[in-house]
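Below is one structure, written out as structure tokens; the observations come after it.
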Amino acid sequence: MWFRPNLQRGARLGMVVGKRAAPRAVDRNFVKRLIREEFRKEQGRLSGLDVVVKLQGKPVKARAREMREELLALFSKSRLWPASR
């Protein structure tokens, strides 16, 4: 995950979910929906940042809770980043 300040009030999201990490379109779409939902929940805390999330590793739907927890941990790191204050 990368963070970069933007000149807007709101946060923006970019995603990289490639075919190598998730060969099936169903899995890629599932991961994108999960990322969008967690970003939507944290969007107020991420104001003024551009966020890019890149999928690394194979997603497994059974591990959706773990993926959510990892996303929240990564989003919380943005608060430690000096530009987000």
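Numbering (the numbering used here), first residue to last: 146 to 230. For glycine and all other residues, C-beta sits at the position ideal for the given N, C-alpha and C.
Where residue i sits in the DSSP three-state scheme
i, result
"R210", "helix"
"R173", "helix"
Exposed unless 16 or more other CB atoms sit within 10 angstroms - verdict on residue i
i, result
"A167", "buried"
"V161", "exposed"
"L194", "buried"
"V176", "buried"
Top-ranked residue by Cα proximity to residue i, from the options
i, options, result
"S223", "F184, G202, V162, R178", "F184"
"R169", "K206, E182, R157, I180", "K206"
Own chain partners of residue i with C-beta closer than 6 Å, once the 5 adjacent residues on each side are dropped
i, result
"F220", "E187"
"K199", "V161"
"V197", "W147, G159"
Counting Cβ pairs, one atom from each stretch, are 3 or more of them under 8 Å apart for the segment 178-189 and the segment 146-154?
no
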